[in-house]
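Chains as they are written, first to last, in my numbering: chain G, 1270 to 1488; chain B, 1270 to 1488.
By construction, the Cβ of each residue, glycine as well, lies at the ideal position given by its N, Cα and C atoms.
Computed from a predicted model, the values in this text were never measured in an experiment.
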DNA sequence: TAATTTTTCAGGGTTTACCCGAGTTTTTGT
DNA sequence: ACAAAAACTCGGGTAAACCCTGAAAAATTA
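Structure below.
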């Protein structure tokens, strides 16, 4: 009996999970022991099962992949996390790697590379696909020069900012937003100013466009 | 030998395509005859191969899924298109269905439903997952409500109004729009007033939202 | 050709959005 | 635990958006 690798697949897209399962089941040393479609159920599963590696989607509903990863590596240090994402975004990459993930690959990774990545990470080493490595390097070079127009990088919005943005999109005036949130008109204007700065927009019209283009209000 | 269904998978995420391939290869009546990672190559492939059904990702790089679908159904009427998407957006659903797709499913669809959808569409019928059906229904309801209630259907916009609307969406100020179109500032304000009235909006933020929701600038 | 819509523009006024600054509280990183 | 960063909270002043009224060419449609 060779050392089998017990794998948990965590992704909210069933179709993707099915495909992954199908690929991994063809390998003798892999055992897909479970599937999770959101963050909390990943942690639930780990409580009751022996898992060697979690294939973790960065973009999970509810509790996102980064938080989940943080929990996994703090509660179960022996469990390896291989992050998977649609997007090659520096923010995601660096953030989840800072939270314990041992590898990061994109969903446009081929079958062979996927298998290699899993074996590498399960063996205790790190694995990054070439594109990701490149991003990390660039990130280190730039370090903090992220206001570049290249690639629409979108900083995280705070709770208040999201609330204000939502109401702006619904055609509320500043005064109406203030009344709705029980804060001063000036405070609302301040939040909008942050939004304009973060989203690199010139006015509310731009905020609405960017919000809709990037699905910023889909929570 | 039963009637085999020749399938082309069009998605830019290799991993997803691999998974899909793996699932479909397990079915006796399915043959995955090709893979495409962008719009043009789909059309290229169809020129030289016999394909019964295209599994088409709505969000393709370069030429997007909607355009690709339009081309497919106009050039190859016998080829069925089953649209696949990450998002359950009414705009995507209705638009791609209007462009010849015979079915629409989400990437969080399970294996069995996927196989069922493919067989249904390949057989010449339409297939929509439950979530998608719900969205379509809501869309129809809303349209009826809004057009019956306050008569707030969307009136036709004039050429100038569209131009102004487009520039508003691009964050131009009134003065900049005036300069860009070589007309007076007052004229631009007049056009915007018409837009606010026609689209039943209170401000430019509303104009942008309505414009994007209803694809008013897709010419 | 007549009727309608579109495009163009103005004066004058009110409201709102946006810019600069700044203090307090909360969160984050080491 | 401490320093740094981010978030939340406001005020004053200026530029821009928005409203109302009115109106004359120009283009489109019936």
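Closer than 8 Å at the beta carbon, the chain G residues around residue i
i	result
residue 1470 of chain B	1440
8 Å Cβ cutoff, residue i in contact with chain B
i	result
residue 1473 of chain G	yes
residue 1483 of chain G	no
residue 1569 of chain G	Nothing can be reported for residue 1569 of chain G: it is not among the residues displayed for chain G, which extend from 1270 to 1488.
residue 1292 of chain G	yes
Rounded separation between residue i and residue j - CA only
i	j	result
residue 1438 of chain B	residue 1321 of chain G	50 Å
residue 1379 of chain B	residue 1293 of chain B	13 Å
residue 1446 of chain B	residue 1480 of chain G	22 Å
residue 1463 of chain G	residue 1338 of chain B	40 Å
residue 1451 of chain B	residue 1428 of chain B	15 Å
residue 1280 of chain G	residue 1468 of chain B	40 Å
residue 1336 of chain G	residue 1375 of chain B	25 Å
residue 1411 of chain B	residue 1477 of chain B	Bear in mind that the predicted position of residue 1411 of chain B carries a pLDDT of just 41, short of 50, making it too unreliable to give a figure here.
residue 1299 of chain G	residue 1381 of chain G	14 Å
residue 1309 of chain B	residue 1347 of chain B	19 Å
residue 1323 of chain G	residue 1272 of chain G	17 Å
residue 1316 of chain B	residue 1426 of chain G	47 Å
residue 1371 of chain B	residue 1343 of chain G	47 Å
residue 1330 of chain B	residue 1345 of chain B	22 Å
Check whether residue i and residue j have beta carbons under 8 Å apart
i	j	result
residue 1355 of chain B	residue 1328 of chain B	yes
residue 1352 of chain B	residue 1325 of chain B	yes
residue 1301 of chain B	residue 1290 of chain B	yes
residue 1387 of chain G	residue 1369 of chain G	no
residue 1486 of chain B	residue 1454 of chain B	no
residue 1390 of chain B	residue 1431 of chain B	no
residue 1392 of chain G	residue 1365 of chain G	no
residue 1474 of chain G	residue 1459 of chain B	no
Residue-chain proximity (residue i, chain G), Cβ-Cβ < 8 Å
i	result
residue 1285 of chain B	yes
residue 1378 of chain B	yes
residue 1318 of chain B	no
residue 1289 of chain B	yes
residue 1410 of chain B	Low local confidence applies: a pLDDT of 38 at residue 1410 of chain B is under 50, so the model's placement there is unreliable, and no value is given.
Under 7 Å by beta carbon: chain G residues contacting residue i
i	result
residue 1477 of chain B	1474, 1477 and 1478
residue 1281 of chain B	1377
Sequence-distant residues of the same chain with beta carbon closer than 8 Å to residue i, five excluded per side
i	result
residue 1449 of chain G	1436 and 1441
residue 1471 of chain G	1465
residue 1296 of chain G	1384
residue 1377 of chain G	none
residue 1314 of chain G	1277, 1303, 1305 and 1320
residue 1461 of chain G	1433, 1437, 1443, 1473 and 1476
Cβ shell of residue i (< 6 Å), same chain only, five flanking positions each side left out
i	result
residue 1304 of chain G	1278 and 1286
residue 1373 of chain B	1352, 1362, 1397 and 1401
residue 1306 of chain B	1281
residue 1311 of chain B	1279, 1305 and 1337
residue 1492 of chain G	What is shown of chain G runs 1270 to 1488, which leaves residue 1492 of chain G out entirely.
Contacts around residue i, its chain only, beta-carbon distance under 7 Å, and the 5 residues preceding and following it disregarded
i	result
residue 1319 of chain G	1275
Chain-ordered chain B contacts of residue i [CB-CB under 7 Å]
i	result
residue 1383 of chain G	1284
Residue i CB to nearest heavy atom of the ligand SAM below 7 Å
i	result
residue 1369 of chain G	This structure lacks the ligand SAM; in fact it carries no ligand of any kind.
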